[in-house]
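Residue numbers for the sequence shown follow the numbering used here, so the first one is 291 and each next one is one higher.
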Amino acid sequence: MLSLDDVLDAEPRVAAVARRTPLDHSHTFSRMTGAEIHLKLENFQRTGSFKIRGATNRIAALTDEERAAGVVTASAGNHAQGVALAATRAGVNATIVMPEFAPISKVNATRRYGGQVVLHGVDYSEAQAKAHEIEAEEGRTYVHAFDDPAVMAGQGTLGLEITEQCPDVETVVVGIGGGGLISGIATAVKARLPDTRVVGVQAEGASSLADSLQKGAIVELDSVDTIADGIATRRVGDRTFEVIRERVDEVVTVSDEEIAMAVTHLLERSKTLVEGAGAVPLAAVLAEAFDYADDEVIVPALCGGNIDLNVLSTVMMRGLAETGRYLRIRTILKDRPGALLHLAEILVDHRTNIHAIHHDRASKDVAMNAAEVELDLETRGEAHVADLLDDLREHGYAVEVLV
Numbered sequence: 291m292l293s294l295d296d297v298l299d300a301e302p303r304v305a306a307v308a309r310r311t312p313l314d315h316s317h318t319f320s321r322m323t324g325a326e327i328h329l330k331l332e333n334f335q336r337t338g339s340f341k342i343r344g345a346t347n348r349i350a351a352l353t354d355e356e357r358a359a360g361v362v363t364a365s366a367g368n369h370a371q372g373v374a375l376a377a378t379r380a381g382v383n384a385t386i387v388m389p390e391f392a393p394i395s396k397v398n399a400t401r402r403y404g405g406q407v408v409l410h411g412v413d414y415s416e417a418q419a420k421a422h423e424i425e426a427e428e429g430r431t432y433v434h435a436f437d438d439p440a441v442m443a444g445q446g447t448l449g450l451e452i453t454e455q456c457p458d459v460e461t462v463v464v465g466i467g468g469g470g471l472i473s474g475i476a477t478a479v480k481a482r483l484p485d486t487r488v489v490g491v492q493a494e495g496a497s498s499l500a501d502s503l504q505k506g507a508i509v510e511l512d513s514v515d516t517i518a519d520g521i522a523t524r525r526v527g528d529r530t531f532e533v534i535r536e537r538v539d540e541v542v543t544v545s546d547e548e549i550a551m552a553v554t555h556l557l558e559r560s561k562t563l564v565e566g567a568g569a570v571p572l573a574a575v576l577a578e579a580f581d582y583a584d585d586e587v588i589v590p591a592l593c594g595g596n597i598d599l600n601v602l603s604t605v606m607m608r609g610l611a612e613t614g615r616y617l618r619i620r621t622i623l624k625d626r627p628g629a630l631l632h633l634a635e636i637l638v639d640h641r642t643n644i645h646a647i648h649h650d651r652a653s654k655d656v657a658m659n660a661a662e663v664e665l666d667l668e669t670r671g672e673a674h675v676a677d678l679l680d681d682l683r684e685h686g687y688a689v690e691v692l693v
């Protein structure tokens with residue numbers, strides 16, 4: 291079982307490469323939740339995520355023979371970048387297998403850090419299988435993304451920082467993919483602050499852990515589907531599962547909509563950019579996925595900021611839609627002069643900004659004397675959306691909400 295001594299041994303090795311990231315008290319999120327929210331800004335870490343910590347510690351433990359043969363790993367993106375940079379700094383050749391649909395920004399960053407990238411499979415599990423083939427064929431050392439004691443210990447240095455920066459913390463909230471980060475953090479936090487609660491969070495579309503804990507054995511999902519690609523794993527690790535069972539107090543899930551809202555809130559209100567996996571701890575707090583008291587001191591660990599710009603635009607639109615700031619509707623107009631103008635006048639009366647209009651006379655789903663219209667609208671909140679939709683329907687428009 292991972293121990294505090296393992297994490298303390300990793301600390302000087304990690305400190306030589308990784309940054310000590312800031313802890314920021316958020317007045318905005320404290321006001322929104324009633325708790326005292328301190329954001330651990332690990333998205334400011336080198337390579338944009340906590341993964342450099344574990345990768346640095348693992349590569350430092352290689353023997354001379356292993357260093358000469360090189361390493362191989364599999365990753366959806368953040369571990370890939372951590373291994374690439376840590377290996378390059380140590381003079382070790384690294385091959386990284388990434389899913390074919392990994393965000394292009396993460397693929398390009400991994401190559402810039404010196405990693406040889408192989409694209410294979412639709413998700414982390416298929417990429418991992420390919421990496422093990424390369425391990426056997428080339429005699430490389432496999433650097434596991436999470437289920438490795440040295441990797442877990444390296445990630446645990448983030449927990450040491452939290453206990454030092456916020457010694458009165460009552461709850462630490464951590465995202466869970468394979469479980470390496472929360473295993474390391476929980477080990478450090480529970481050893482130093484035994485009464486502090488550790489809450490783990492998974493995305494609903496990749497939530498194998500709750501069922502695993504209930505059954506007392508690891509459950510592997512057939513597939514995963516979430517915007518939080520950094521934690522989109524089918525199962526937790528064997529070693530991490532044992533640590534989680536012993537040291538994590540509670541595990542909850544959040545929806546993609548809740549993750550998108552957290553990303554949007556962080557960007558708009560804290561001027562902080564995180565990826566989906568980095569937002570899940572705050573999403574759990576905002577959604578009240580677990581119980582907490584007024585004025586409770588809570589530290590959500592924002593573990594990464596490597597979000598692809600195409601994904602970011604989608605996430606922001608979903609976040610804005612969830613908060614009533616963006617609306618896409620479809621309706622039918624009579625195909626005659628002035629019909630579109632009349633619709634637009636209602637929107638103007640409600641001070642609704644039109645982003646885009648698609649006007650289709652040829653749709654086979656409408657009558658010959660009608661036209662289908664889709665509109666992308668900027669709105670001002672849920673009440674504004676409700677008033678607008680009510681008014682449109684009172685004017686006889688059959689409105690379908692698309693987003």
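By construction, the Cβ of each residue, glycine as well, lies at the ideal position given by its N, Cα and C atoms.
No experiment lies behind these values; they were computed from the predicted model shown.
Item                                                                                                                                                                                                     : Value
Would you mind reading off the limits of the alpha helix (DSSP H) that contains residue 414?                                                                                                             : 414 to 428
How do the segment 518 to 525 and the segment 364 to 378 stand: do at least 3 beta-carbon pairs fall below 8 angstroms, yes or no?                                                                       : yes
To the nearest angstrom, how far is the alpha carbon of residue 548 from that of residue 563?                                                                                                            : 16 angstroms
Could you check what DSSP says for residue 603 in three-state terms: helix, strand or coil?                                                                                                              : helix
Which same chain residues end up closer than 7 angstroms to residue 430 when comparing Cβ atoms and leaving out the 5 residues on each side of it in sequence?                                           : 359, 360, 361, 362, 385 and 424
Quick one: Cα of residue 586 to Cα of residue 603, how far?                                                                                                                                              : 33 angstroms
Tell me which residue opens and which closes the alpha helix (DSSP H) that residue 529 is part of.                                                                                                       : 528 to 537
For residue 401, which residues in the same chain have their Cβ closer than 6 angstroms to its Cβ, ignoring the five residues on either side in sequence?                                                : 407
State the start and end residues of the unbroken alpha helix (DSSP H) segment that holds residue 555.                                                                                                    : 546 to 559
Which class does residue 335 belong to by DSSP, given the choice of helix, strand or coil?                                                                                                               : coil
Going by the CB atoms, is the gap between residue 525 and residue 510 shorter than 7 angstroms?                                                                                                          : yes
According to DSSP, simplified to helix, strand and coil, what is residue 241?                                                                                                                            : Since the displayed the chain opens at 291 and closes at 693, residue 241 lies outside it and no answer follows.
Just list the residues that DSSP pairs residue 590 with in beta bridges.                                                                                                                                 : 463
Checking contacts by CB at 7 angstroms: is residue 344 closer than that to chain B?                                                                                                                      : Looking at the structure shown, chain B is missing, and only one protein chain is on hand.
Identify, in the order they occur along the chain, each residue of the same chain with its Cβ nearer than 6 angstroms to the Cβ of residue 322, setting aside the five sequence neighbours on each side. : none
Since residue 639 sits in a beta bridge, which residues does DSSP pair it with?                                                                                                                          : Paired residues: none, contrary to the question.
Got a sec, what are the start and stop residues for the beta strand (DSSP E) residue 619 sits in?                                                                                                        : 616 to 624
Determine whether the beta carbon atoms of residue 350 and residue 303 lie at a separation below 7 angstroms.                                                                                            : yes
Looking at the structure shown, is residue 441 part of a helix, part of a strand, or coil, going by DSSP?                                                                                                : helix
In its own chain, which residues sit with a C-beta less than 6 angstroms from the C-beta of residue 541, not counting the 5 before and 5 after it?                                                       : 490, 499 and 500
Between residue 399 and residue 300, is the Cβ-Cβ spacing less than 7 angstroms?                                                                                                                         : no
Might you give, ordered along the chain, the residues of its own chain that have their beta carbon closer than 7 angstroms to the beta carbon of residue 624, omitting 5 neighbours on each side?        : 659 and 660
Just verifying my parser: in three-state terms, what is the DSSP assignment at residue 322?                                                                                                              : helix
Whole-angstrom Cβ separation of residue 475 and residue 459, contact assumed at under 8 angstroms?                                                                                                       : 11 angstroms between Cβ atoms; not a contact.
Nearest CA to the CA of residue 533: which residue from 561, 492 and 470?                                                                                                                                : 470
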